[in-house]
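Read the structure below first, then the notes.
Right, here's the structure in full:
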């Protein structure tokens with residue numbers, strides 16, 4: 001029986017009690033949405049800078065490419081460990097500041113300090129270590145440690161914005177005010193943006209304060225949750241298992257692309273297109289980062305456009321049984337009917353996206369110009385747009401299908417839902433809620449966690465292959 005589920009007829013644990021009323025500041029729905037998602041801008045900005053500049057930065061410090069790949073184990077490790085651990089701790093937090101806010105603010109501060117330490121790693125090490133040979137190894141160790149801190153801490157807290165900032169020559173804007181290299185200036189900007197955006201969300205969102213979670217300390221914990229995930233992962237329904245395995249093999253290709261495409265494009269530019277003075281520049285890292293960012297800007301624009309347009313050009317999984325008959329205007333009816341008739345299924349689109357990505361990667365070794373490399377990266381924006389939502393759509397469809405089957409068979413579990421308690425109407429002193437969930441509904445979060453696991457594991461595989 002799933003953790004937290006209670007068989008029919010069993011006695012229920014005491015319900016959780018809360019104080020304060022949840023809400024978001026803002027005079028309109030749009031303003032509230034901006035306040036709520038502002039922190040995501042800071043997070044994506046930081047990710048954009050890390051993905052654009054950290055690989056060439058580590059290479060400049062003297063790390064071999066095979067060693068750099070081991071550094072990027074930080075990403076999958078943070079997703080595998082920090083996300084569930086922080087989630088468990090936050091769910092049980094009784095801080096008067098709320099359950100999420102302390103982790104958001106604390107994580108943002110830690111990430112900002114790590115960004116600044118990474119940007120000035122050479123100067124910090126030189127201050128404490130006199131020997132030049134020792135300085136190199138200590139600087140590398142400090143930079144790697146900062147990357148791990150950033151990856152782990154940010155899981156407690158706009159890619160396009162980050163890439164765009166990386167493509168701008170900040171030295172011409174700030175001079176030497178916030179650093180003498182592009183990388184140092186970007187770490188300062190990223191730290192300020194992350195703190196500001198997280199501060200906006202923390203100020204605008206009023207959380208419930210948990211007084212009592214209604215559970216004994218031994219009733220729930222990390223071991224129980226990981227045990228449930230492992231048990232479920234070894235007994236997945238066939239369709240969900242197929243989705244997870246497709247995700248696994250796809251991410252063996254996507255992981256190196258996302259982390260190394262900037263460096264690859266920059267190196268192609270240095271090798272084939274860069275003027276002589278650029279190759280001998282003291283800030284080669286900044287030039288590689290700016291050039292690589294240009295390709296990722298195009299990639300992000302195409303991904304953004306594809307995320308909006310492609311869902312309209314692909315049949316939704318439930319289109320086979322529409323709840324209503326569309327009636328377009330008479331003048332547009334023939335066009336609409338023709339488009340609807342020839343729409344590919346989401347499964348076909350997902351398969352074609354993998355094919356396009358595969359062909360792009362096959363052509364990558366033949367790139368002999370910056371334009372060629374940028375076109376390859378840009379083309380990958382289309383399959384990436386589909387990859388970002390297709391597996392989750394299929395997973396949702398399968399979970400709902402399993403839920404419908406379980407409901408029809410009359411099998412289910414009765415449980416208290418913290419989400420129902422938190423989101424339901426409640427007074428300032430607390431509330432009590434219960435709801436009936438079937439077995440697949442109970443496991444929906446676990447299935448999505450397993451999908452995340454199948455996304456994370458290929459990153460380890462890709463790292464060790466390198």
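Residue numbers (full-length UniProt numbering): 1 to 466. Just so you know, even glycine gets a beta-carbon here, dropped at the ideal spot from N, CA and C. The structure displayed is predicted, hence computed values, not measured ones.
{"Query": "Alpha-carbon spacing of residue 367 relative to residue 354, whole angstroms", "Result": "20 angstroms"}
{"Query": "For residue 383, the nearest candidate out of 302, 374 and 313 (CA to CA)", "Result": "302"}
{"Query": "Bridge partner(s) assigned by DSSP for residue 24", "Result": "205"}
{"Query": "Residue range of the unbroken alpha helix (DSSP H) whose run includes residue 151", "Result": "132-153"}
{"Query": "Among 389, 373 and 24, nearest to residue 316 - alpha-carbon criterion", "Result": "389"}
{"Query": "Range covered by the alpha helix (DSSP H) that runs through residue 43", "Result": "29-60"}
{"Query": "Bounding residues of the alpha helix (DSSP H) (the contiguous stretch that carries residue 65)", "Result": "65-71"}
{"Query": "Residue 46 and residue 111 closer than 8 angstroms at C-beta", "Result": "yes"}
{"Query": "At least 3 beta-carbon pairs within less than 8 angstroms: the stretch 60-68 vs the stretch 192-206", "Result": "no"}
{"Query": "Beta-carbon proximity of residue 126 to residue 142, cut-off 8 angstroms", "Result": "no"}
{"Query": "One or two residues paired with residue 184 in a DSSP bridge", "Result": "Per DSSP, none; premise fails for residue 184."}
{"Query": "Residue 103: first and last residue of the uninterrupted alpha helix (DSSP H) it sits in", "Result": "101-119"}
{"Query": "Endpoints, the alpha helix (DSSP H) within which residue 261 is located", "Result": "238-268"}
{"Query": "Nearest residue (CA-CA) to residue 265, options 232, 69 and 291", "Result": "291"}
{"Query": "Where residue 315 sits in the DSSP three-state scheme", "Result": "strand"}
{"Query": "Inter-residue Cα distance where the pair is residue 464 and residue 69", "Result": "8 angstroms"}
{"Query": "Three-state secondary structure (DSSP) of residue 95", "Result": "coil"}
{"Query": "Continuous alpha helix (DSSP H) stretch holding residue 358: start and end", "Result": "346-363"}
{"Query": "Beta-carbon separation (whole angstroms), residue 341 vs residue 314, contact threshold 8 angstroms", "Result": "Going by Cβ atoms, the distance from residue 341 to residue 314 rounds to 13 angstroms, so no, they are not a contact pair."}
{"Query": "Segment contact, 8 angstroms Cβ cut-off, at least three pairs: the stretch 390-398 with the stretch 239-252", "Result": "yes"}
{"Query": "Residue 77 to residue 334 span [Cα, whole Å]", "Result": "52 angstroms"}
{"Query": "Residue 389, DSSP secondary structure in three states", "Result": "coil"}
{"Query": "Residue from 311, 133, 456 and 49 with nearest C-alpha to residue 187", "Result": "49"}
{"Query": "Residue from 386, 32, 119 and 80 whose Cα sits closest to the Cα of residue 226", "Result": "80"}
{"Query": "Contact under 8 angstroms by Cβ, residue 395 with residue 240", "Result": "yes"}
{"Query": "Proximity to residue 238 [Cα-Cα], best of 401, 43 and 61", "Result": "401"}
{"Query": "Beta-carbon proximity check, residue 250 vs residue 387, cutoff 8 angstroms", "Result": "yes"}
{"Query": "Backbone secondary structure at residue 122 - three-state DSSP", "Result": "helix"}
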